[in-house]
Amino acid sequence: MNVELHPVIEGAESLFFSGNEIGVLLCHGFNGTPQSMQYIGEQLTKYGYTVSIPRLNGHGTHYLDMETSTYEDWISGLQTAYNHLKKQCEKVYIVGQSMGGALTLQVAANNQNVDGIFLINAAVTDVCYKEFCNKVKPAYVQEGSPDINKSFVFEITYEKVPLKAIHQLLHLMDDTKKKVSSVSSPTVIFKSATDHVVPPTNSEFIFDQVNTAEKKMIVLQNSYHVASMDHDAPLIVEQIHQHIKKLITDKTVKNTNKKWITV
């Protein structure tokens, strides 16, 4: 993994909350940090879950660290966090926002025992950065304000991002697109009705391609792209909790009803 040369910005550190034997792994998006998923994580801990929110390589330090990060680094970082949580918890669910949704799909495709995934405006087929696909300059692209409908919300991000990092994001999306059909974990997709960064068609593609009958689409009417920090964040928390409860109950009933035949 790429070695970072700059200290972590205060408030952008990885977060971990100890709880019960049910783990929830949360993954932030491109140019985000664990801070963007902190509210979701803290609210889930109130239900007793063990929650992990890792900081992806090159994020939350300095944009120069992001310049040398690769999408393989980001996949590896989430996989490592999943492995760590799996050692402590009986069940592990993953929640990914934007690029974090693509990384969630990568981990779920490579680990068929992921108990369930929750995707928030996942980036897989189309993203506002696509215009930089074949460009060699500028070396750094200025970022606008985070796409949040709610007023007076501060998200820790870089004011500019390296073109090389944008290319890595686009490579990740191309690679993930080919792996979505390998995902068999129960899937819940949150799609903002209005998203100025990742069009809702991304979520529709994922819904059509995931290889599971246990899937649901939930439309967020009052949030833009960074929905974890927007008006619908409480709804997202409640839906994650309710679906985890349902998945556990359904699996328990299914196992109870199994008929074992001894030969």
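Residue numbering for the sequence shown follows UniProt numbering, beginning at 1 and increasing consecutively. Just so it is clear, CB atoms sit at the ideal spot from N, CA and C, and this is done for glycine as well.
**Asked** Is it true that the CB of C89 sits closer than 8 Å to the CB of I22?
**Response** I22 places its beta carbon less than 8 Å from that of C89.
**Request:** Would you tell me roughly how many angstroms separate the C-alpha atoms of H59 and L172, rounded to the nearest one?
**Result:** Between the alpha carbons of H59 and L172 lies a distance of about 16 Å.
**Item:** Same chain only: Cβ atoms within 8 Å of Y140, ignoring 5 sequence neighbours per side
**Value:** Result list for Y140: Y63, K160, V161, P162, L163, in chain order.
**Beta-carbon gap between D115 and L220 smaller than 8 Å** = Taking a C-beta distance under 8 Å as the contact criterion, D115 and L220 do not qualify as a contact pair.
**Request:** Have a look at V263 and N110 and give me their C-alpha separation to the nearest angstrom.
**Result:** Low per-residue confidence applies at V263: pLDDT is 36, beneath 50, and the placement is therefore not dependable enough to give any value.
**Prompt:** Going along the chain, which residues of its own chain have a beta-carbon closer than 6 Å to the beta-carbon of V197, five neighbours each way excluded?
**Reply:** Within the same chain, V197 has close Cβ partners C128, D147, H225.
**Message:** With the cut-off set at 8 Å, would you say L26 and M37 are in Cβ contact?
**Reply:** Against a cut-off of 8 Å, the Cβ pair of M37 and L26 comes out as a contact.
**Prompt:** Looking at the structure shown, is I53 part of a helix, part of a strand, or coil, going by DSSP?
**Reply:** DSSP, reduced to helix, strand and coil, places I53 within a strand of the structure shown.
**Asked** Residues in its own chain within less than 7 Å of Q106 by CB, not counting five upstream and five downstream?
**Response** Same-chain partners within the cutoff: I75, T176, K179.
**Message:** Going by beta-carbon coordinates alone, are V183 and A108 separated by less than 8 Å?
**Reply:** Contact annotation: V183 and A108 have beta-carbon atoms nearer than 8 Å.
**Item:** Sequence-distant residues of its chain with Cβ nearer than 7 Å to Q209 (five each side left out)
**Value:** V180, S181, listed in sequence order.
**Request:** Specify the secondary structure class of Y93 as computed by DSSP and reduced to three states.
**Result:** In the structure shown, Y93 sits in a strand (DSSP, three-state: E or B).
**Asked** Secondary structure at S192, three-state DSSP: helix, strand or coil?
**Response** In the structure shown, S192 sits in a strand (DSSP, three-state: E or B).
**Prompt:** For the putative contact between I206 and L119, defined by C-beta atoms under 8 Å, what is the C-beta separation to the nearest angstrom?
**Reply:** With a beta-carbon spacing of about 6 Å, I206 and L119 fall inside the 8 Å limit used to define contacts.
**Asked** In or out: A165 buried (at least 16 other Cβ within 10 Å) or exposed?
**Response** That one is buried.
**Message:** For K259 and T45, what's the separation of their Cα atoms in angstroms?
**Reply:** Note that K259 scores a pLDDT of 49, beneath 50, so its modelled location is shaky and nothing firm can be said.
**Request:** Less than 8 Å between the CB atoms is what I'm expecting for I218 and I9, so what's the real figure, rounded?
**Result:** Beta-carbon to beta-carbon, I218 and I9 are separated by about 32 Å, too far to satisfy the 8 Å threshold.
**Message:** Beta-carbon within less than 7 Å of L15's beta-carbon, same chain only, minus the 5 sequence neighbours each way: which residues are those?
**Reply:** Contacts found: P34, Q38, G41, I53.
**Coil, strand or helix - L235 by DSSP** = Of the three classes helix, strand and coil, the one that applies to L235 here is helix, per DSSP.
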